[in-house]
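J.:
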Amino acid sequence: MSETTPTNKPQWAMVIDLDRCTGCEACVVACNVENNVATVGAEEAAKGRTINWIRIERYFEGEYPDVRVKFRPVMCQHCEEAPCEPVCPVYATYHTDEGLNAQVYNRCVGTRYCANNCPYTVRSFNFFDHVWDAPLQKAWNPEVSVRSRGVMEKCTFCVQRIKAGEAKAKDENRDVKDGDVTPACVQTCPTKAMYFGNIADPTSEVAKLSKSSRATKLLEDLGTKPKVIYLNEGE
Amino acid sequence: MTQPILAIFADSQEAVATARALRRAGLTRLELLSEEPLHAAIADEEPKSRIGIFAVLGGVLGAGAALWLTIGTAKGLAINTGGMPVVSGWAYGIIVFEVTMLSAIIAALARMIWEAGLARPGAMQHYDAAVTDNKIVLVVNCEDEQTRQTAEQLLADTNAEMIGK
Amino acid sequence: MKRGLKIFLLVGVAILIAVWLAWRAASQPVAPDQPIAYNHWQHISKPDGPQLDCDFCHEYADKSAHATIPNITTCMGCHEAVKTDSPEVQKLAAYAQRQEQPKWVRVYFFDPEADVFFSHKPHVKANIACTDCHGNVPQLQKMRREVKHTMGWCIECHRQRKVSIDCYVCHR
Amino acid sequence: MQNDKATNEKINDDLLRPLRQTGWAWRVTVVVCAIFLLAAVAAFAYQLQRGIGVWGINRPVFWAFDITNFVFWIGISHAGTLISAILRVTGAEWRRPITRCAEAITVFALMIGGIFPIIHLGKPMLFYWLAPYPNERGLWPNFRSPLMWDFFAINAYFTGSLIYLYLPLIPDLALVRDKATGWRKTIYAKLSLGWRGTQRQWHALEKAVQVMAVIIIPVAVSVHTIVSWDFAMAIQPMWHSTMFGPYFVAGAIFSGIAALILAMAVIRKVFHLENYLQPIHFNNLGLLLLTLSLLWFYFTFAEYLTTWYGNEPHEKVVFQSKISGAFAPLFWTMVVCCFVIPMPILAIKKLRSISGTVIASLTVLVGMWLERFLIIVPTLSQPRLTFNWGSYRPTIFEITIAVGTVAYFILLYAVFTKLFPIIAVWEYKEGLTVSPLPHPHHDPAGATIATAE
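Structural data, given as structure tokens:
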């Protein structure tokens, strides 16, 4: 699992500027709508069975009255050395050559091992078949599966948008560039805290920002090599 | 080839001694049937068992099959792992170990059944249920009438009850 | 014992026959009845017919994910004048008059549980003939499913043409 | 060298009696167990229909009762084949009456343990996707997953154990065949494969059992090591431990012996086999149990000490929750059940009686179930990113299934004792011939001589 072979495919990555994040959760809403993420209802949510592809983690720092609130949007980190991948017995989660950590819903048998081995706890499970109150099912994104019961799901970096962006670039006979692909969360962020692009292209915004002195990765010491880069808050 | 003689003994030592006497008289196609293994008996004269060798062979075969199952299929199917190596020696080693042991067990079982002449038609020929009544049954296969008479004479001197005369 | 054996054999044979029948039924080409008995052969292959191309009607095949079935006005473009005496064309005209689209029954589709996102465009652009995936439709009097679109069938072609077999190409 | 006729008939009579007579206790057991089993089947059917959400699992506790039971039962399975194989290889004569009870435990425990990985799936009907078989999709299982190792290891162990149970059973099946009548005779004749008891057959059988014993020991060790790797391969706090392999194997044998002692005690009482399963067997197994109790304590101590001393924050959180936090009551119950109660009982010779070892075994089984639960749930409920901490509470469905599988085990065992001699008749008789242990049947006066120690 250690060596990776070089590829000329784009390597998708995200940068999140924590200085700009206000914790408004617009990204969460945008993600739910874009990706047909089910709403489980209050009762299930109380049991801890919400499905979120992105969540805003909220932490408090300091003692009252000098309390600071910190927000951190966390989604699948698309680790280059993802702990979830080798443990899946059926290859339902694997690494694409574009650096995405893929989840194939109709291959998933639901061992939930991947979720247990994810240090970021970003994987959600469909414990039941979800009911979409009419007419909400009419708002389903036709480009995204509606997951059935018993499978794992998680952030895909809006792979449907990536595929569309790549197809557009191919039609125009060029490489993908910044702006071709914008995941729903990035598009929606009102404070422009999120950036998305091809980190293998040194001219892209994410590649430049990833070299910032503020750049960190979540639980970096685990060696998972996440593809989501956080820009720490300046003091 | 005539019908064999079945001699039923109550005492295992007498049965073994008779078997040895018959053997000395040139009757070698004998079988001693008993309810528990007679360790000191003519078991020593049985051909050497090849079950161990077959277990090893089965293991080697299993290891080969497992190597194909893991490395061969992983390479053949070219599953996309996004640049990660498809073949993982450590993990595949575990699969190879288990399959090796499994096929060694199955090979040993197959060889045992074959060696013991079990599960084949006619396996129950020349048997007497006295065996499971703690008796020893000596099955004497006679080539011709002459040897048959020799056997009958020898057996007549013992306490055995004879069947199939 | 003898009787038991007979019953066993009979049941076995019955099961075999049932399996064979089920398999035969499953392997029959699917040819649903359509609201109008459209005849592909007549429009494409008939020597003195209009000899249309596939994309004359399925005009978005090379432009989008869906090949699309034409709007009824496309049909009426010709059938306003042509073969107005045919009962099927009269059905068509009646639809047109009601400003209603016939409810065509899909012949080729993926099971929704398969989570397949297929796009015609890249396949047409790669110069794959329509008949490669849809069978010899130009010769069909009644549309039917001649090719089974199983995953193995898709993968096989992708492998041959050295196209990516990444799961994300089709499933997401 | 053969046993006298009276002794022989007495042994046959005693050991085949369970096959001939059916007592009311047996019937009641079977009916009660069947009811519990049906309840579990109903719970599973409901789960199939509604989804696995009827269980108490959630995010982040994705595994709980299901995998606890899986590990527990696979652990129990180490009672039989492994112990029996070790005793056979080392030529321990006292093994003779207990090998079959032990081997049967393995087979049934594996059957039950193997159910859990299937029913815990989100899509249980697709369990066969874990098997490598050619398919038109060109898809193959991922041999890098510890769950695949489990699949191979458990299948190898189950097949091996089944064969290992069956081989020494063949002569006994022939015995039953000769004693039975009617349709039973036909069935036993088929099962005994035409065994006549020729010296060549005995020779082959003994050789095969010897070879199997040697092969099955490493397989058994590998099985529970691999089960432990389901956790140890994950990078979660207090799972990612190098010593989980031996820790789990020791724990498995520990709980396995406890199950064996219980099973033997029940068989002894129900089928009146007091002359066959004697205090010496309970004493010797009790000593083994004592050794493993000490070993278990040593492993647990080493595991928790390194976590405490290392003071790694994420691990420390899980550690504290077990020692003094929400899981403390369960944790300390486990320590009491696995060590504090059984250790003195088993260490003091006077207490190491049949009832003493049975009490120790009962507490060990409870403690070891808790141990597996405490390995799985505290780690999962406290993942690294504290925002996602969760908790877990089992639902009635999980509990029903857990209880139902216990009932299923008893049911399988009860049926087994009805169909096959639970003590290997020929092995027992051979034991009397080979090494004339002081034995009640040899005592003309009828007074029981103290058994050899």
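As they're listed, the protein sequences go chains A, B, C and D. Just so you know, we're using this note's numbering here: the first sequence kicks off at 1 and counts up by one. Just so you know, we're using this note's numbering here: the second sequence kicks off at 1 and counts up by one. Just so you know, we're using this note's numbering here: the third sequence kicks off at 1 and counts up by one. Just so you know, we're using this note's numbering here: the fourth sequence kicks off at 1 and counts up by one. By construction, the Cβ of each residue, glycine as well, lies at the ideal position given by its N, Cα and C atoms. Source: prediction; values computed, not measured.
#1: Tyr59(A) bridges to which residues according to DSSP?
#2: For Glu85(A) versus His95(A), is the C-beta distance shorter than 8 Å?
#3: Taking the DSSP output, what are the residues bridged to Asn101(A)?
#4: Measuring CB to CB, does Asn69(D) end up less than 8 Å from Thr405(D)?
#5: Quick one: residues in its chain with C-beta nearer than 8 Å to the C-beta of Ala293(A), no 5 flanking neighbours on either side, listed in chain order?
#6: Report the neighbours of Gly152(C) on chain D: residues whose CB is nearer than 7 Å to its CB, in chain order.
#7: Counting contacts by CB-CB distance shorter than 8 Å, is Val99(B) in contact with chain D?
#8: Which residues, taken in chain order from the region 65-90 of chain B, show a beta carbon closer than 8 Å to some beta carbon of chain D?
#9: Counting pairs of Cβ atoms below 8 Å between the region 55-73 of chain D and the region 128-140 of chain A, do you hit three or more?
#10: For Pro60(D), which residues in the same chain have their Cβ closer than 7 Å to its Cβ, ignoring the five residues on either side in sequence?
#11: Among Ser45(C), Arg98(C), Leu52(C) and Arg144(C), which has the Cα closest to the Cα of Val107(C)?
#12: What does DSSP give as the partner residues of Leu231(A) in its beta bridges?
#13: Among residues of its own chain, excluding the 5 on either side of Ala189(D), which ones have a beta-carbon nearer than 6 Å to its beta-carbon?
#14: Within the same chain, show all residues whose beta-carbon is closer than 6 Å to that of Arg147(A), passing over the 5 residues directly before and after it, in chain order.
#15: For Asn198(A), count the other beta carbons within 10 Å of its own beta carbon; 16 or more makes it buried, fewer makes it exposed. Which is it?
#16: Does DSSP put Ile83(D) in a helix, in a strand, or in coil?
#17: Per DSSP, which residues does Tyr12(A) bridge with? Please list them.
#18: Run through the DSSP bridge pairs and tell me what Ala7(B) is partnered with.
#19: Which word fits Met194(A), buried or exposed, when buried means at least 16 other C-beta atoms lie within 10 angstroms of its C-beta?
#20: For the region 135-166 of chain A, list every residue whose C-beta sits within 7 Å of some C-beta in chain C, in sequence order.
#21: Leaving aside the five residues before and after Ala234(D) along the sequence, list all residues of the same chain whose C-beta is less than 7 Å from its C-beta, in chain order.
#22: Is Thr131(C) helix, strand or coil by DSSP?
#23: Determine the burial state of Met125(D): buried for a count of at least 16 other Cβ atoms within 10 Å of its Cβ, exposed for fewer.
#24: Using 8 Å as the Cβ pair cut-off and three pairs as the minimum, do the region 99-117 of chain C and the region 1-12 of chain C touch?
#25: Can you give me the Cβ contacts of Gly256(D) inside the same chain, cut-off strictly under 6 Å, excluding the 5 residues immediately before and after it?
#26: Would you decide whether Asp132(C) is buried or exposed? Buried here means 16 or more other CB atoms lie within 10 Å of its CB.
#27: Whole angstroms is fine: what's the gap from Glu115(B)'s alpha carbon to Ala258(D)'s?
#28: How big is the Cα-Cα spacing for Thr50(A) and Pro132(D)?
#29: Taking the straight line between their C-alpha atoms, what separation do you get for Glu57(A) and Val69(A)?
#30: Identify which residue in Val223(D), Ala174(D), Leu162(D) and Ile253(D) has its Cα closest to the Cα of Val209(D).
#31: Suppose the cutoff is 6 Å on Cβ atoms and the five residues either side in sequence are ignored; what does the same chain contact list for Gly89(B) look like?
#32: Helix, strand or coil for Phe420(D)? Go by DSSP, reduced to three states.
#33: Less than 8 Å separating the beta-carbons of Val131(B) and Ser34(B)?
#34: Whole angstroms are fine: how far does the CA of Val214(D) sit from the CA of Leu178(B)?
#35: Hey, would you say Tyr408(D) sits closer than 8 Å to Leu38(D), going by beta carbons?
#36: Below 8 Å between beta carbons is the criterion; list the residues of the region 73-98 of chain A that meet it against any residue of chain B, in chain order.
T.: Working from what's here:
#1: Lys70(A)
#2: yes
#3: His95(A)
#4: yes
#5: Because chain A spans 1 through 235 in this model, residue 293(A) falls outside it and cannot be assessed.
#6: Glu136, Arg137 and Gly138
#7: yes
#8: Leu69, Thr70, Thr73, Ala74, Leu77, Ile79 and Ser88
#9: no
#10: Leu380, Ser381, Pro383, Asn388 and Gly390
#11: Arg144(C)
#12: Asp17(A) and Ala215(A)
#13: Arg177
#14: Tyr105, Asn126 and Glu153
#15: buried
#16: helix
#17: According to the sequence displayed, residue 12(A) carries Trp and not Tyr. According to DSSP, Trp12(A) bridges with Asn198(A).
#18: Leu138(B) and Met162(B)
#19: buried
#20: Glu143, Val144, Ser145, Ser148, Thr156, Val159 and Gln160
#21: His240
#22: helix
#23: exposed
#24: no
#25: Ile76, His78 and Ala79
#26: exposed
#27: 38 Å
#28: 34 Å
#29: 10 Å
#30: Leu162(D)
#31: none
#32: coil
#33: yes
#34: A question about residue 178(B) goes unanswered here, because the residues of chain B that appear run from 1 up to 165.
#35: no
#36: Glu85, Pro86, Tyr91, Tyr94, His95, Thr96, Asp97 and Glu98
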